[in-house]
Amino acid sequence: MAPFRPIPASALLVLALAIRHTGTRRISADAFAPKHLHGRADGCISSNRHSHPVPSLSAHRCGTEPSTKSANPDGNNATPSSIRRQMLRAMLAASAGSTLGAPPATAAAPALEAAPSPPAGFPDWSGIKVVVPPSDDRDYRVKVLSNGLRVVLCSDPSSNEAGAAMDVHVGACSDPLEIPGLAHFNEHMLFLGTKEYPNENSFEEFLSANGGSSNAYTASENTCYYFTLQAEVDQTLTEGLKRFGSFFTSPLFTAAATGRELNAIESENNKNLQTDSFRVYQINKERQNRDHPHSKFFTGNKKTLLDDTKKKGIDLRQSLIEFYETHYSADQMTLAVVGPQSLDALGRMAEEAFSGIPNRNAGAPEKEWMGVVPPYDPSNSVIPSFGNVVKIVPVQDLRQLSISWPITYRDEQERQDALLTKQGQYVGHILGHEGPGSLLSYLKGKGWVNSLSAGGGEELSDFETFDVTATLTKSGLEKVDQVIESIYSTIGMVRNRAVPSYIFNEVLQLEELGWRFSSKGPVGNYVQSLSTSLQDYPPSLCVAGPRRLALRTQDASSTKLLASNAARVSFGSEAELDVTKKLASDFVDNLAVDNAMYTIISKSYKGQTNQKEKWYGTDYRVDPVALSTTLQWKNPTSVDGLGITFPRKNVFIPSEKGLKVRLPPKANAAKAPRTFEDRMEPVPPPTVIRDDGPNGRWTVYYKPDDRFGQPKAFVIFELLTKEVYSSAKAAALSSMYEVCVSDHLTEYAYDAGLAGLTYDVRVIPRGVRLTFGGYNDKLEDFAKYVSKQITADMKNILPKDEAEFDRYKDLQIRSFEGFNAKQPYAHCSYYTTLLMKPSGFEYDNQELLAATDELTLSDLKSYVSSVWSSGKGLALVQGNLDEKQAQALVSSIDKTLGFKPISVEEYPPELAPLPLPESFSSTKGTRLVISEPNAENGNAASYVSIQGLSETPKEHVLMELVGAIVGERFYDELRTRQQLGYIVSSGVRALGKTKSLGFIVQSSSAKNEKLTNEILKYLDNIRPAYLDKLNEGDFAVYVKSLIDRKTEPDKQLATETTRNWAEISSGRMQFDRPQKEVAALLDLTKDDLLEFWDRVYVNDGRRVLITEMVPQVGPSAVAKPPVSTGYTASKDTKTGVVLGVGDIASYRSDRSKLLS
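Letter by letter, the sequence shown follows residues -24 to -1, 1 to 1132 in mature numbering (1 follows the signal peptide of the UniProt record, and there is no 0).
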């Protein structure tokens, strides 16, 4: 679930500008979070497995059992709306005393002593101080509960959001041999009812009513459960924690739920069958010792959990209970709780909710195999561990080389060294560097690779792996032995030559820079991190552990854990540096030819394989490495002959003077609780500091930062022009241009990226956008250089010859071809968006593929010369710069870009969605039915979208309110009860200035028509089953939940900048949008909600789009739908329209005419 490498805030801004993500529904999966990687892994497969997110639709649970909403005391649903509004406003203004959204008041938990004595037999953590970043103003405490449960608490009164995570130190490695997937199945089952809350959907109903969500994942040795909610009211968090705590004291494991949830496991596994990361991961396991638990199949399916257990006479439900009662023990659990309450209050809540978890003295599960069963044993593996190359046929058109070295810990001390020193990170920094003289620079110069990464892979209690992964060109695939040799040449340099001390100090300094100026992130992610790190690190380092290097201080006489939060620019002593160098040197000794596992992935191996992997059906072959090749790799060419050197000193690291914050936040302002009045006060918007008029060059917005206290700034330039995205060919050229820029600026920009500076060049439908971000000390020089390279010196970024052009073209073609390998739900989402966007804003993937195939180097040169030639400039400068600096920076970039201004008449149009045809309520509306592009994917999918065309705040919040009320029930009905599929999700999606509500299901067992009919059946039942039954108290709970989320303060400068830019670039200029939407919410009534739902769905004239993907194989397969249904604009759309993929172009053309 974690990214391949940490993404700085500035990069998050760039990503946020490029995409909109509206959230995901809880999916529990075998999630193996990749560790830190150096270098890019574009298109690479990690040897770790991820939780694969559902479509960008958020689902929020709601419900009634047991009732958690504060209705009117007399049960009267006819309360005058004016009284309801007064009640809501009063509750928002002084919610500390409110019970809305929480269960009826109960007796308060007895107050605990401020510093209770430690429980007998358990460690005393009362005097431990948690090391936190200097900029972190939250309060922390670690403690051990009376049952031995280890807990970290974090109080953040500036936020209304709370969350908790429980990490249980048992994972898929502990599956019984005869029941693969049991740990994963157990994780699913804990969500399906407890003794105190028997309703299977009870927890998610409660969270949805309070603006929250939950998730979980099963890893090799850990299982992590977590949730978030709006918890301004103490009782809400108390109740949430009690419900969560019951997972670990009294799960029901009912026979009915056990039988049904097997379908979800089967559907999840079927979803993964065509995913290359899962397929390659399982083949890598075949190289391990068969007796080591990590070699097993982890996900599970109906065969392993049902069919095989029946044959063996195993009671599956009883096995679940035994697994739970064996491994779910307080001594193997760690809990993290973050909330706005005080530490004392959070401590009382934790004690009340979790002290009842039994302590079974289970002990660490790895004690059964660590030091007993070697992770790798070439004499006892399906695929010989070493001395061979495994060649795999992927689903996507990938060309990739991966070399993996297992590193076995001889004892617990070695594992602690790895955790506290992280010596592999220094090695990865050198091997994965992308600057001048790097391994990547050499390989790209030879035309053999497109990208390369190096870093940690698997990490278990008894071993880890270190991986080098390269994406290959066609030539690189042919010369793969030479590619591998050059990798060993670089390893030899690190092994045999003294690594300069400045490299170790710089790696440390760069990590410390991020530590010093770290900012708050999503609560859900944070509680996961805290609970997991409390398993791995000493309690004082539960925050610093995964975020810092060199976690031990050392001098000539002693070694201690790091206790200071002060950022370091170098090692504290020569002794510390020497120890780190020695550990890094020992680490490199593991990266030997005889200890390596080689994997090559390519479509070119199709038809040349002779083996098929058992669980995923992956075709592969195993070829021994020739003795002559092995000898060559052991005695590789010297780096002197290759031009490979150690990384140069990083000139982009900011100076201490350059890290000065101009406008520090007010002291303790962030720690003060925010009243409703505070939240309704809009954040001051950017101001215009340059306006050259509508026909002039620039309109520049500026906002200094006085809220986040970061020495960072963001600068966004956008040139409005019609030309750069005017056709499919132009769009294809724009992608090629972006690849050229990224590839040719890599060597310059890589060190800048390590030092927190980022850039992004993005061609968009309305022009071209240039974004810079990071520490402002070197930001201006960085921005000037990049701007000059992409304009005045554009010849430097163009392919130097036809061979390089062909390399870029190959990348783009394979990228577009990779669309076919996406999941059916992703295809549904894509085509739904395509049918709602005008052609100038989105081009069909096949159009782009065909256009790319025809491109020439001459086309690219001509296109690039026109990108920055003319337009209207918009800019936003926000952060740690004064107005004079902002003006100077814009003027400097303006001179570099040198574009010709255009008139207002030449501005590109703003995005307006294509209106779906109105239809009778008795019909299905517009229906697009497409054959699933991946002929081997057996999943069907259906996506029903309800379009709203209004641009008013009232209509927008009504759409969100409906989504909040019905979304979780949708999941419960179609996923939990009907078991139609593993992916069931719903949520609101923005398009232009409008919003739509979508519902999606993907299934490996039901056909597309069945999915559509069940979704529509659910939607038809929304009014009588849910909306009509809402009382005023229920209605107020959902309204408050939305208000809390909309008024939650931005946690990062990048987030606020992104929000401001969205208003500027769209032309809306509603910087106080959250407050306007809250005002609209405060004035809503239940009648407003009913009238809205009747208008957008129940009554004639609704605008509904159904997109279906029809598989060609498996139980969900049906006859291939026609490519075209003969659609014409003259058809009566009110009775419904059925489209094929071949009708999309004419349909979009017809709907576009309505916009003119």
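By construction, the Cβ of each residue, glycine as well, lies at the ideal position given by its N, Cα and C atoms. Computed from a predicted model, the values in this text were never measured in an experiment.
Let's see if you can read the secondary structure: which residues bound the alpha helix (DSSP H) around residue i?
{"i": "THR214", "result": "210 to 222"}
{"i": "GLU298", "result": "292 to 303"}
{"i": "VAL466", "result": "It should be noted that the sequence gives Thr, not Val, for residue 466. Note, THR466: alpha helix (DSSP H), 456 to 472."}
{"i": "ARG391", "result": "388 to 397"}
{"i": "PHE781", "result": "778 to 793"}
{"i": "ALA826", "result": "821 to 829"}
{"i": "TYR478", "result": "477 to 492"}
{"i": "VAL1072", "result": "It is not in any alpha helix (DSSP H) - VAL1072 carries neither H nor E in the DSSP assignment."}
{"i": "ARG324", "result": "319 to 330"}
Once DSSP output is grouped into helix, strand and coil, what is the label at residue i?
{"i": "LEU377", "result": "strand"}
{"i": "LYS11", "result": "Note that LYS11 scores a pLDDT of 28, beneath 50, so its modelled location is shaky; the value from the coordinates is reported in the next line. In the structure shown, LYS11 sits in coil (DSSP, three-state: anything other than H, G, I, E or B)."}
{"i": "GLU440", "result": "strand"}
{"i": "PRO1097", "result": "coil"}
{"i": "GLN854", "result": "strand"}
{"i": "LYS679", "result": "strand"}
{"i": "GLY617", "result": "helix"}
{"i": "LYS848", "result": "strand"}
{"i": "GLU912", "result": "coil"}
{"i": "ILE991", "result": "helix"}
{"i": "GLU1024", "result": "coil"}
{"i": "ARG1127", "result": "helix"}
{"i": "ARG1079", "result": "coil"}
{"i": "GLY103", "result": "coil"}
{"i": "GLN258", "result": "helix"}
{"i": "ILE406", "result": "helix"}
{"i": "ILE922", "result": "strand"}
{"i": "LEU428", "result": "strand"}
{"i": "LEU890", "result": "coil"}
{"i": "GLY346", "result": "Reading the sequence as shown, one finds Met at residue 346 and not Gly. Reduced to three states, the DSSP call for MET346 is coil."}
{"i": "ARG965", "result": "strand"}
{"i": "LYS860", "result": "helix"}
{"i": "THR899", "result": "coil"}
{"i": "GLY433", "result": "strand"}
{"i": "PRO31", "result": "The pLDDT assigned to PRO31 is 27, lower than 50, so where the model puts this residue is not dependable; a value taken from the coordinates is nonetheless given after this. Correct three-state label for PRO31: coil."}
{"i": "GLU181", "result": "helix"}
Tell me the DSSP bridge mates of residue i?
{"i": "LEU311", "result": "VAL127, MET142"}
{"i": "SER190", "result": "PHE203"}
{"i": "ILE1040", "result": "Per DSSP, none; premise fails for ILE1040."}
{"i": "MET573", "result": "SER380"}
{"i": "LEU746", "result": "PHE693, VAL737"}
{"i": "LEU448", "result": "VAL425"}
{"i": "TYR751", "result": "LYS688"}
{"i": "LEU904", "result": "THR1083, LEU1115"}
The beta strand (DSSP E) with residue i in it runs from where to where?
{"i": "ILE692", "result": "688 to 696"}
{"i": "PRO1050", "result": "Per DSSP, PRO1050 belongs to no beta strand (DSSP E); it is in the alpha helix (DSSP H), 1049 to 1058."}
{"i": "residue 1133", "result": "The question about residue 1133 has no answer, for the chain in this structure spans -24 to 1132."}
{"i": "LYS971", "result": "970 to 979"}
{"i": "ARG666", "result": "663 to 667"}
{"i": "PRO649", "result": "Note, PRO649: premise wrong, no beta strand (DSSP E); not H, not E."}
{"i": "THR529", "result": "528 to 530"}
Below 8 Å, can you find three or more Cβ-Cβ pairs linking the region 472 to 484 to the region 619 to 631?
-> yes
Touching or not, the region 275 to 293 and the region 232 to 240, by the rule of three or more beta carbon pairs under 8 Å?
-> yes
Run through the region 535 to 567 for me and flag every whole beta strand (DSSP E) of 3 or more residues, listed as ranges in chain order.
-> 535 to 537
Does the pairing of the region 1062 to 1076 with the region 722 to 740 give three or more beta-carbon distances under 8 Å?
-> no
Per the contact definition of three or more C-beta pairs closer than 8 Å, is the region 112 to 124 in contact with the region 546 to 559?
-> no
Check whether the region 972 to 987 touches the region 937 to 952, counting contact only when three or more Cβ pairs, one atom from each stretch, lie closer than 8 Å.
-> yes
Assess, as a yes-or-no matter, whether the region 141 to 160 is touched by the region 293 to 302 under the definition of 3 or more beta carbon pairs within less than 8 Å.
-> yes
Length-filtered (3 minimum) beta strand (DSSP E) runs lying within the region 225 to 286 = none
Given 8 Å, three or more beta-carbon pairs between the region 647 to 658 and the region 1028 to 1039 | no
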